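To start, the structure under review is shown below, and the notes come after it.
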DNA sequence: CCGTGGTCAGTTTTT
DNA sequence: CTGACCACGG
């Protein structure tokens, strides 16, 4: 990689270290005093506490740009860590806009990507090869499942998922199988079996030349601690380390940062720049760069403990709250001015987050005016709620707001279904971020397993996966036979395939195995050329095409009568398109590089061209994004806060932060909606408004239809808006559903919260038909739908549902307990 | 060894 | 209501 010019075109003025002449003006323009401080402060450690929407990305990018512009740092000396690949891409782009092309020399990536880069270069030091594969959660779960079965750990109540999450937690605390075994109570048989599974899991990974997600971080820390001279190489290289979303770092990541910012150990000779994989570890130190002199790198972290939402995967909020203790002499800058949202939205956000007790007081403010009120809506069902979203999106769009400026959030992925159904019907273009992930589809995993089998033949899991895909008549028995043969001859599973005749299996199966072996060998010849050869950029695309065609995989799908297989073929075509794209962006990319990229992409990353469509995503995925209009849906108890969080220490508080993250994404229009009933697993149940709603001052919310409306008067919802139309609801009738009592109670108790008109207080008054007995054939009257005949009754107790054929409104399902109905 | 049919289970967030 | 998994019968 050639060094890009240090200075941006048009900025060839005399930028000397420390100088701040006119050429910096553009970088410092428009910053408030705190932001300016955050951009220009120089010292060993800086914590930027950046409230939502306070311009932290801008601060971070300008800080980097300034370092480069003033020649305080060479691009290669900068390591910036972001939370997602997408954020990394954006940051690189923004720095490039400020200072030109130099961004290419910097490391701007996620923790995981950075560690992969380091590990690829150093893996050989501790028993791996640089072709190692990365196990995603699905891969490790599959492996753990096998081990759980082998150890009969399920007898002790261990599910694969539980084992996986426990191992992950341990690894995030930098515990390995040995250290766990040392301190575990092995007298407890359950602990012992877990310990054994953990140990086997780790040995399997090592044998397969593979790392799981957590290992990428943990093993890098291990590497640095075990090989101080290696750590020194990177300490010497990275002089400025910047970490975004610091509140979501876990202990392993924290330790990694510590290792990197430590002063040189001085152990071992000054490392020669050694070549690995054709790349130099570090570039010659520029003359103008400050002398490392054994000093630790300067560290800048940006975060907001109010937006810490990943404790469940080991994020430790103490990393940020105790930063000043960890890095003595650290400077702290607070960014509290919000440039994103209107004050109504910020007030709601402040009010909600203020209920978390052990937080540092921090109040976002904005000079953007009050803005529109928050719109609240309570639907009768989740579909009704979705209809509200669709209507509102439509209205906003007709008012000129582009679809791409609107987003719909929900707590759990499963909530997206109802929204999708209605949005499709309403012809609203949308895109789901996340959801069923492309790379988790079976055919994609198969295709990738073929690539892994070539790139990393030690990975038994991958080879076993493709053994009988497409169907070759190779089943369990044969697989075991091959595994045993491999063990006996100290071969890898992959290499055992080269000896079909010695396996003692039938001729047909021998032929099948031989054929697979031949395809893999042929692909290897293309994709893994002898060292020295420079393969064409398209190796991966060609190799994949060859593997899929000569293995018969494609043919099998084409021959199939299953209509789904057509879609699978299309998916594979798309994957091949991805490899072409990869070749374009990485002319020297290897198979391993491609697999790395694929393994580390996340949901939030494929945001690329959501041009012109509404974005649907979970609140987690929404972190770091912003939209003009935001719909937070399903604001119900047991959903947000999620039921499962209730039992976990700190759970409800984390949920509150998540809700806070959701509402602070909105610039001008915030909608909070919920449903009074929600169907989950085909069963309908009653939903209660989230406790977080009552934390928002009532005067900030304009209820189109409040929970009280539905409870005290029965469903208004479907009556006025039923079926398809629903138009005419969005706006004109704004006050139509405002409860009469509201005005009065507001005047009497101005500080009252929205919950005053809520059912929590009114629970007793929720419409309750008791155990109204209905059976097929009964005639009933519904407040909105009129008269109808009961078709059938399903469910038990409070969840009994009547399927009613209304004379004019058609078929409806009604929850008998609360539906506004009477028996005739 | 393959496909079917049936049972069963599990439902939070993700690099 | 889905999807994964298992046991059975061809």
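In my numbering, the protein residues as written are 466 to 1289.
C-beta: ideal position from N, C-alpha, C; glycine also.
If you're wondering where the values come from, they're calculated on a predicted model, not measured in any experiment.
For a test of the three-state rule: what should DSSP assign to residue 1162, helix, strand or coil? What you label residue 1162 is simply residue 697 of the first chain in a count that begins at 1. DSSP places residue 1162 in the strand class (E or B) of the three-state scheme.
Indicate whether residue 637 and residue 495 have their beta-carbon atoms separated by less than 7 Å. Residue mapping note: residue 637 aligns to position 172 of the first chain, counting from 1. Residue mapping note: residue 495 aligns to position 30 of the first chain, counting from 1. Going by beta carbons, residue 637 and residue 495 fall outside the 7 Å limit.
Quick one: what's residue 895 bridged to in DSSP? The count along the first chain starts at 1 and reaches residue 895 at position 430. The secondary-structure analysis by DSSP pairs residue 895 across a beta bridge with 1079.
Contact between the region 832-842 and the region 1168-1176 (3+ Cβ pairs under 8 Å): Yes, the region 832-842 touches the region 1168-1176.
Where residue 1148 falls: helix, strand or coil (DSSP): Sequence index remark: in the first chain, residue 1148 carries index 683 (1-based). Three-state result, residue 1148: strand.
What does residue 599 pair with, by DSSP beta-bridge criteria? Here the question's residue 599 lines up with position 134 in the first chain. Answer is 676.
Which of helix, strand or coil DSSP assigns to residue 666: In the first chain, counting from the first residue as 1, residue 666 sits at position 201. Judged by DSSP in its simplified three-state form, residue 666 adopts helix.
May I have the straight-line CA-CA distance separating residue 775 from residue 991, to the nearest angstrom? Taking the first residue of the first chain as 1, we reach residue 775 at position 310. Taking the first residue of the first chain as 1, we reach residue 991 at position 526. Approximately 42 Å, taken between the alpha carbons.
Let me make sure I understand the geometry here. Which of 976, 912, 1024 and 950 has the alpha-carbon closest to that of residue 1011? To locate residue 1011, count along the first chain from 1; it is residue 546. Among 976, 912, 1024 and 950, the Cα nearest to that of residue 1011 belongs to 912.
Whole-Å CB distance - residue 527 paired with residue 504, under 8 Å assumed: Numbered from its first residue, the first chain carries residue 527 at position 62. Numbered from its first residue, the first chain carries residue 504 at position 39. With 8 Å as the limit, residue 527 and residue 504 qualify as a contact, their Cβ atoms being about 5 Å apart.
Determine whether the beta carbon atoms of residue 798 and residue 499 lie at a separation below 7 Å. Your numbering for residue 798 matches position 333 in the first chain. Your numbering for residue 499 matches position 34 in the first chain. In this structure, residue 499 lies closer than 7 Å to residue 798 by Cβ.
Out of 1286, 1118 and 1161, which one is the CA nearest neighbour of residue 772? The sequence position of residue 772 within the first chain is 307, counting from 1. Scanning 1286, 1118 and 1161 for the CA closest to the CA of residue 772 turns up 1118.
What three-state label does DSSP hand residue 1202 in the structure shown? What you label residue 1202 is simply residue 737 of the first chain in a count that begins at 1. Unreliable positioning characterises residue 1202 in this predicted model, as indicated by a pLDDT of 32, which lies under 50. A coordinate reading is not provided.
Our contact map puts residue 1155 next to residue 1102 with C-beta atoms below 8 Å; I'd like the distance itself, whole angstroms only. Here residue 1155 refers to the residue found at position 690 when the first chain is read from its first residue. Here residue 1102 refers to the residue found at position 637 when the first chain is read from its first residue. Your pair residue 1155 and residue 1102 checks out as a contact, with CB atoms roughly 6 Å apart and the cut at 8 Å.
Which of helix, strand or coil does DSSP assign to residue 828? Reading the first chain from its first residue, position 363 is the one you call residue 828. Reduced to three states, the DSSP call for residue 828 is coil.
Looking at the strands, I want to know which residues DSSP matches up with residue 875. Translated into the one-based positions of the first chain, residue 875 becomes position 410. Per DSSP, the beta-bridge partners of residue 875 are 1083.
Stretch-stretch touch, CB-based, cutoff 8 Å, three pairs: the region 761-772 with the region 515-532: Output reads yes: the region 515-532 touches the region 761-772.
So, for residue 789: in the same chain, excluding its five sequence neighbours on each side, which residues have a beta-carbon less than 6 Å away from its beta-carbon? The residue you call residue 789 lines up with position 324 of the first chain. Cβ neighbours of residue 789 beyond the five flanking positions: 795.
Quick check: what's the CA-CA separation for residue 820 versus residue 1151? Along the first chain, one-based indexing puts residue 820 at 355. Along the first chain, one-based indexing puts residue 1151 at 686. Taking the Cα positions, residue 820 is about 26 Å away from residue 1151.
I'd like to know whether the C-beta atoms of residue 1080 and residue 860 end up nearer to each other than 7 Å. Your numbering for residue 1080 matches position 615 in the first chain. Your numbering for residue 860 matches position 395 in the first chain. In this structure, residue 860 does not lie closer than 7 Å to residue 1080 by Cβ.
Quick check: what's the CA-CA separation for residue 661 versus residue 1108? For the purposes of this step, residue 661 is identified with residue 196 of the first chain, where counting begins at 1. For the purposes of this step, residue 1108 is identified with residue 643 of the first chain, where counting begins at 1. Taking the straight line joining both Cα atoms gives about 33 Å.
Alpha carbon to alpha carbon, how far is residue 670 from residue 888? As a first step, residue 670 must be located in the first chain, where it is residue number 205. As a first step, residue 888 must be located in the first chain, where it is residue number 423. Looking at the two C-alpha atoms, the distance is approximately 44 Å.
Exposure label - residue 655; buried when at least 16 CB within 10 Å: For the purposes of this step, residue 655 is identified with residue 190 of the first chain, where counting begins at 1. Exposed, because fewer than 16 other Cβ atoms sit within 10 Å of the Cβ of residue 655.
Just list the residues that DSSP pairs residue 1107 with in beta bridges. Counted from its first residue, the first chain places residue 1107 at position 642. Its beta-bridge partners are 1103 and 1104.
Mapping DSSP to helix, strand and coil, what is residue 737? What you label residue 737 is simply residue 272 of the first chain in a count that begins at 1. Because the pLDDT at residue 737 is just 41, under 50, the model does not fix this residue reliably, and the value given afterwards should be weighed accordingly. Assigned with DSSP and collapsed to three states, residue 737 falls in coil, not helix or strand.
3-residue-minimum beta strand (DSSP E) runs that sit fully inside the region 576-649, ordered along the chain: Runs found: 598-600.
Report buried or exposed for residue 1039, applying the criterion of at least 16 other Cβ atoms within 10 angstroms of its Cβ. Sequence index remark: in the first chain, residue 1039 carries index 574 (1-based). Looking at its Cβ environment, which holds fewer than 16 other Cβ atoms inside 10 Å, residue 1039 is exposed.
If we call anything under 7 Å between Cβ atoms a contact, is residue 1003 one with residue 966? Counting from 1 along the first chain, the entry for residue 1003 is found at position 538. Counting from 1 along the first chain, the entry for residue 966 is found at position 501. No, the Cβ-Cβ distance between residue 1003 and residue 966 is not below 7 Å.
Only counting the same chain, and skipping five residues up and downstream in sequence, which positions put a Cβ closer than 7 Å to that of residue 649? In the first chain, the residue the question calls residue 649 occupies position 184. Taking C-beta separations shorter than 7 Å and ignoring five residues to either side along the sequence, the partners of residue 649 in its chain run 656 and 660, following chain order.
Taking only three categories from DSSP, how would you classify residue 970? Taking the first residue of the first chain as 1, we reach residue 970 at position 505. Three-state result, residue 970: coil.
Span separating the alpha-carbon of residue 806 from that of residue 1133: Within the first chain, numbered from 1, the residue matching residue 806 stands at position 341. Within the first chain, numbered from 1, the residue matching residue 1133 stands at position 668. Each residue's alpha carbon lies about 6 Å from the other.
In whole angstroms, give me the CA-to-CA distance for residue 685 and residue 523. Residue mapping note: residue 685 aligns to position 220 of the first chain, counting from 1. Residue mapping note: residue 523 aligns to position 58 of the first chain, counting from 1. For residue 685 and residue 523, the distance between alpha carbons rounds to 30 Å.
For residue 1050: DSSP bridge partner residues: The residue you call residue 1050 lines up with position 585 of the first chain. Per DSSP, none; premise fails for residue 1050.
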